[in-house]
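Keeping their order, the protein sequence lines are chains A and B.
The first sequence: position 237 = 237 (this note's numbering), numbered continuously.
The second sequence: position 254 = 920 (this note's numbering), numbered continuously.
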Amino acid sequence: MSAAPQLVAVLALAAAWLAIGAAGLAALHRFHFVARVLFPAGGVVALLLAAAALPALWGTPQAAVLPIGLPGLPFHFRLDGLSAFFLVVLGATAAGVSLFSAGYFRQSEGTAPGLLCLQYHVFLAAMALVVLADDAYAFMVMWETMALASFFLVISNHRIAEIRRAGYLYLLIAHIGALGILLCFGVLQANTGDYSFANMRAQHLSPFWASVAFLLALLGFGAKAGLVPLHVWLPEAHPAAPSPVSALMSGVMLKTAVYGFLRVAYDLLPVQLWWWGVLVLALGLASAVLGVVFAAVQTDMKRLLAWSSIENIGLIFAGIGLALLFAAYRMPAVAALALTAALYHVASHAFFKALLFLATGAVLHATSERSLGRLGGLLRVMPWVGWACLLGVLASAGLPPLGGFVSEWLLLQSFLFTPGLPNAFLNMLVPAVAAVIALVAALAGYTMVKFYGVIFLGQHREDKLAAAHDAGSWERLGMVWLMAGCVALGLFPVQGIELLAPVTELLVGARLPDSGSSWLLVPVAAERASYGPLIFFAGVAASFGLAYVLVRRLYHGRLRRAAPWDCGFPWQTARMQDTAEGFGQPVRQIFEPLFRMRRDLPTAFDARPRYAVEVGDHFWHWLYLPLARLVESAARVIGTLQRGRIAIYLLYSFATVIAVLIWVTR
Amino acid sequence: MSALGLASQALEIVAALAAAPLLLGWVGQCRAWLQNRTAPGLLQPYRVLHKLFNKDSVLAANASPLFRTAPYVIFGCMTLACGIVPTLSTDLPLSPAADAIALVGLFALARVFAALAAMDVGTAFGSLGARREMLVGFLAEPALLMVFFTAALISNSTSLTSIVRTLSAQEIGIQPSLALAAVALIMVALAENARVPVDNPATHLELTMVHEALILEYSGRHLALIEWAAALKLFAYACIGMALFAPWGVAHAQSPAALLTAAPVLVAKLAATGFLLALLETLSAKMRIFRVPEFLGMAFMLAVIAMLVRLLLGAGAQ
Numbered sequence: 001m002s003a004a005p006q007l008v009a010v011l012a013l014a015a016a017w018l019a020i021g022a023a024g025l026a027a028l029h030r031f032h033f034v035a036r037v038l039f040p041a042g043g044v045v046a047l048l049l050a051a052a053a054l055p056a057l058w059g060t061p062q063a064a065v066l067p068i069g070l071p072g073l074p075f076h077f078r079l080d081g082l083s084a085f086f087l088v089v090l091g092a093t094a095a096g097v098s099l100f101s102a103g104y105f106r107q108s109e110g111t112a113p114g115l116l117c118l119q120y121h122v123f124l125a126a127m128a129l130v131v132l133a134d135d136a137y138a139f140m141v142m143w144e145t146m147a148l149a150s151f152f153l154v155i156s157n158h159r160i161a162e163i164r165r166a167g168y169l170y171l172l173i174a175h176i177g178a179l180g181i182l183l184c185f186g187v188l189q190a191n192t193g194d195y196s197f198a199n200m201r202a203q204h205l206s207p208f209w210a211s212v213a214f215l216l217a218l219l220g221f222g223a224k225a226g227l228v229p230l231h232v233w234l235p236e237a238h239p240a241a242p243s244p245v246s247a248l249m250s251g252v253m254l255k256t257a258v259y260g261f262l263r264v265a266y267d268l269l270p271v272q273l274w275w276w277g278v279l280v281l282a283l284g285l286a287s288a289v290l291g292v293v294f295a296a297v298q299t300d301m302k303r304l305l306a307w308s309s310i311e312n313i314g315l316i317f318a319g320i321g322l323a324l325l326f327a328a329y330r331m332p333a334v335a336a337l338a339l340t341a342a343l344y345h346v347a348s349h350a351f352f353k354a355l356l357f358l359a360t361g362a363v364l365h366a367t368s369e370r371s372l373g374r375l376g377g378l379l380r381v382m383p384w385v386g387w388a389c390l391l392g393v394l395a396s397a398g399l400p401p402l403g404g405f406v407s408e409w410l411l412l413q414s415f416l417f418t419p420g421l422p423n424a425f426l427n428m429l430v431p432a433v434a435a436v437i438a439l440v441a442a443l444a445g446y447t448m449v450k451f452y453g454v455i456f457l458g459q460h461r462e463d464k465l466a467a468a469h470d471a472g473s474w475e476r477l478g479m480v481w482l483m484a485g486c487v488a489l490g491l492f493p494v495q496g497i498e499l500l501a502p503v504t505e506l507l508v509g510a511r512l513p514d515s516g517s518s519w520l521l522v523p524v525a526a527e528r529a530s531y532g533p534l535i536f537f538a539g540v541a542a543s544f545g546l547a548y549v550l551v552r553r554l555y556h557g558r559l560r561r562a563a564p565w566d567c568g569f570p571w572q573t574a575r576m577q578d579t580a581e582g583f584g585q586p587v588r589q590i591f592e593p594l595f596r597m598r599r600d601l602p603t604a605f606d607a608r609p610r611y612a613v614e615v616g617d618h619f620w621h622w623l624y625l626p627l628a629r630l631v632e633s634a635a636r637v638i639g640t641l642q643r644g645r646i647a648i649y650l651l652y653s654f655a656t657v658i659a660v661l662i663w664v665t666r
Numbered sequence: 667m668s669a670l671g672l673a674s675q676a677l678e679i680v681a682a683l684a685a686a687p688l689l690l691g692w693v694g695q696c697r698a699w700l701q702n703r704t705a706p707g708l709l710q711p712y713r714v715l716h717k718l719f720n721k722d723s724v725l726a727a728n729a730s731p732l733f734r735t736a737p738y739v740i741f742g743c744m745t746l747a748c749g750i751v752p753t754l755s756t757d758l759p760l761s762p763a764a765d766a767i768a769l770v771g772l773f774a775l776a777r778v779f780a781a782l783a784a785m786d787v788g789t790a791f792g793s794l795g796a797r798r799e800m801l802v803g804f805l806a807e808p809a810l811l812m813v814f815f816t817a818a819l820i821s822n823s824t825s826l827t828s829i830v831r832t833l834s835a836q837e838i839g840i841q842p843s844l845a846l847a848a849v850a851l852i853m854v855a856l857a858e859n860a861r862v863p864v865d866n867p868a869t870h871l872e873l874t875m876v877h878e879a880l881i882l883e884y885s886g887r888h889l890a891l892i893e894w895a896a897a898l899k900l901f902a903y904a905c906i907g908m909a910l911f912a913p914w915g916v917a918h919a920q921s922p923a924a925l926l927t928a929a930p931v932l933v934a935k936l937a938a939t940g941f942l943l944a945l946l947e948t949l950s951a952k953m954r955i956f957r958v959p960e961f962l963g964m965a966f967m968l969a970v971i972a973m974l975v976r977l978l979l980g981a982g983a984q
């Protein structure tokens, strides 16, 4: 076993998570022990996990077989660059979330603290093991453990019917996805009966069967990741779950689906076909557009973030699709660029989305409000959460010099290289797609301004908000850690990409060129494009500082406070501020065909004028409800067999026996 | 990174800071001429800035530190933007740090801060302005990016200095893709700089304003910084237009003599651009805010078509 030091360490740390979970179960109602000892311990384990997986990025793949599980079916584990990268993201994100959780969970969450601790740590360990699994059996066991643990976490406040419904929807779609993945592995093993990934890599599937496996993987992992049209569970499950759980699900769990998809598409499948890339690109873009447009019109802060996750997953898949396209046409250098963009976004999205979800958690605890219409002005009463959230918002809006911008920049760069494709049609199509990406990025800025402005800026929309308390020290610690991640990813992209190089080498056989300097990011060649966030940041900061000093020196620093300008109308109230609905109005109008809207407009003669708007998702009405009706009517037809009388059931048995006899003796 | 490069970089930023209010004054002057009015004088923007800097800043009682920080951030962003766009020389040490996409990001950063600051006080006007500004922004930003991409496809680079070098080396003639992109850029520039027909810089009529609503709560030095930053933004957009569609006269060689000849060319081009802007503003009427999405949507479409035309014709020429 000494040949695989990192793998052993990572497995041991996953076991440590399980042990912490078990300890939580033993201390079921000892709240302080669970919150102040077990959760921070889980955070430390997460940090160690990231540190242990880091060297494995550059090392040779390490494998181990553990004789647990069914007899004759041991678990295979393997740690290579791809797994190591996702483990680092998992560990680094989970560390911040666990520290936050130490101060977050309260007695009244509905589930006993010890049980919550068990579910939480089993969830973490399962995600780590999914990434490590090296045979279909271990993968599916861990995948299902992950799905079930997260399901129980989602419904931890299970006394509310709406939350149970959300959890059920999540479980349902998770299992449709799992079915797809299972069938995909069935195709991949090519009738050999050997379900280890090593065997799957060795098979040479025909293009038809490879495509079948690919489509099944896309269905399965797409359902988990929240790709259109299987995205409907995300906006339901995220608001239902406790905020640290939402942070983990959005920041890390969606990424395990990205991992699984990359594993199948690049590692297990022998070839890549160009139309796979087009399909993934199209689905990714559809998710990105739909996600951001719906995020812009939401009025529930966690639902808004859930839609924004759909957008970000869409961008990640767009990058993967582009990389598939380039890989299929044997252009490894550009494929590496697109894949780097996608993977970089995996990391930066993990940090900023976890940070944003944690901030909403702190707001939720301080105000017990989730609706944007009843928040406002929280920056003044919750400065820690407010400033942390501002950083997350800027990163999420894809603004320089933070992490979100780097991945966006790389993605747009990779689109500019499409003129090298040998297919003239794609040559035309793909740059036009860059326009969609640009639109999504700009809309993300709009959405994030709405999100931040309505929650943290302006006046309190409710009186009780003035009494809101800031986050505690554990929560601050967790958020500061994630903030540091956002900043580091933004300012040091060269070093970040250094971590990705082994992964792209592994998947597409190329890496980004060495720019020769540690501060300048160069995707292909320095004269084509380069970006140096440190200089960029220094430039803005220098002119900021210089302007500040000069204004003070040459003029003065006098300041007076006065009431805000009321336009001569002194009866202003906090309710006259722009609301979340108001902020969403332009987007509702411009992208009207994308929504299913029901508006109640007041007339001029209403005694009590009331305006209400309800924004629905077309997919519910076009896909899910017809499907549900179909299932119901089929069930009704089959239900006629059930008469509830013993004589009729005996008749069925008799008929079956006769039929079998005829069949056998024929 | 040569000493001369550093010098030309510094010269560019200082020139932009000094000349940006003058450009604003020139546009006002041209507008007045075209509309048969007496102009306030070329130096009026400087007088306004001086006056505002000398005044006390009056802050709303509930304004947070974000509100006070934002003007400096916006000013910093616009200064850097003027430093990135090649106006006098293509030998700019800052150029490798920020390409065209980063420039668009820089504008977005300034816009987000302006919108957040406007929402900070929590008056109806501020948030209305913020919403409208972000609306203009999310439509204009992708269009601007597509204009840059059209140029980037021609020069095979997103670095602004490489774009200028490639474009100025081409023989003078109209490229269809660039012509379309130029129209798109003009539309975007009008919207982004709060000019007629999207916004009216001279109005304080409440229902029509976008940019003025955004900065309604600012006064004193903060307002001065924002006004100066707005002038810098106009300057930067004018320079982007010139860099993409009239890139001649920018110094490529590393010599002080080339810089000296570049300066008068820049002044002449800026004067022409300013006159064109005043002409456009005089000839068009302010449109309703609901029409702005159509206007900017058209700019976006034009820019995308420009890129596709480039791909079609570019593929044919190879």
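Beta carbons are placed, not taken as given, at the ideal position from N, Cα and C, and that holds for glycine.
Note that the coordinates shown come from a computational prediction; the quantities given were computed from them, not determined experimentally.
Cutoff 7 angstroms: residue i Cβ touching any chain A Cβ
i      : result
B/A764 : yes
B/M800 : yes
B/M875 : no
B/D865 : no
B/L782 : yes
B/C905 : no
B/Q856 : Looking at the sequence itself, residue 856 of chain B is Leu, so the reference to Gln does not match. It does not; no Cβ of chain A falls within 7 angstroms.
B/P752 : no
B/E987 : The structure shown does not extend to residue 987 of chain B, since chain B spans only 667 to 984, so no value can be given for it.
Chain B contact residues for residue i, given Cβ-Cβ distances below 9 angstroms
i      : result
A/Q459 : N728, V787, G788 and T789
A/S518 : Here the premise fails: no neighbours, minimum Cβ distance about 13 angstroms.
When the options are compared against residue i, the one with the closest alpha-carbon
i      : options                           : result
A/G478 : A/V228, A/M127 and A/L248         : A/L248
B/S761 : B/L805, B/M785, B/R713 and B/V830 : B/V830
A/T618 : A/G251, A/L230 and A/Y259         : Just to set this straight, residue 618 of chain A is His in the shown sequence, not Thr. Selected option, being the one with the closest Cα: A/L230.
A/T93  : A/V141, A/L116, A/G59 and A/V44   : A/V44
A/A327 : A/A202, A/S414 and A/A84          : A/S414
B/M908 : B/L708, B/L746 and B/V931         : B/V931
B/L709 : B/P687, B/S730 and B/R697         : B/P687
Contact set between residue i and chain A, taken where Cβ atoms lie within less than 8 angstroms
i      : result
B/L732 : L379, L390 and L457
Beta carbon proximity, residue i to chain B, threshold 7 angstroms
i      : result
A/D578 : yes
A/V551 : yes
A/I316 : no
A/N563 : The sequence shown places Ala at residue 563 of chain A, not Asn. Taking Cβ atoms only, chain B reaches closer than 7 angstroms to A/A563, which makes this a yes.
Whole-Å CB distance - residue i paired with residue j, under 8 angstroms assumed
i      : j      : result
A/F351 : A/L489 : 7 angstroms
A/S348 : A/S309 : Contact doesn't hold; Cβ gap of about 13 angstroms is too wide.
A/E462 : A/R374 : 5 angstroms
B/C748 : B/I679 : 6 angstroms
A/A444 : A/A397 : 5 angstroms
Residue i: contacting residues in chain B (beta-carbon distance under 8 angstroms)
i      : result
A/E527 : S823, S825 and S828
A/R560 : D722, S723, V724 and L725
A/F544 : Y738, V739, F741 and G742
Partners in chain A for residue i, counting only beta-carbon separations shorter than 7 angstroms
i      : result
B/L977 : P419, N427, M428 and P431
B/C743 : V540
B/I767 : W409 and L412
Does the structure place the stretch 585-593 of chain A close enough to the stretch 250-268 of chain A that three or more beta carbon pairs sit under 8 angstroms?
no
Should the stretch 335-348 of chain A be called in touch with the stretch 306-320 of chain A, which here means at least 3 C-beta pairs below 8 angstroms?
yes
Could you check whether the stretch 549-567 of chain A touches the stretch 443-457 of chain A, counting it as contact only if at least three pairs of C-beta atoms, one from each stretch, sit closer than 8 angstroms?
no
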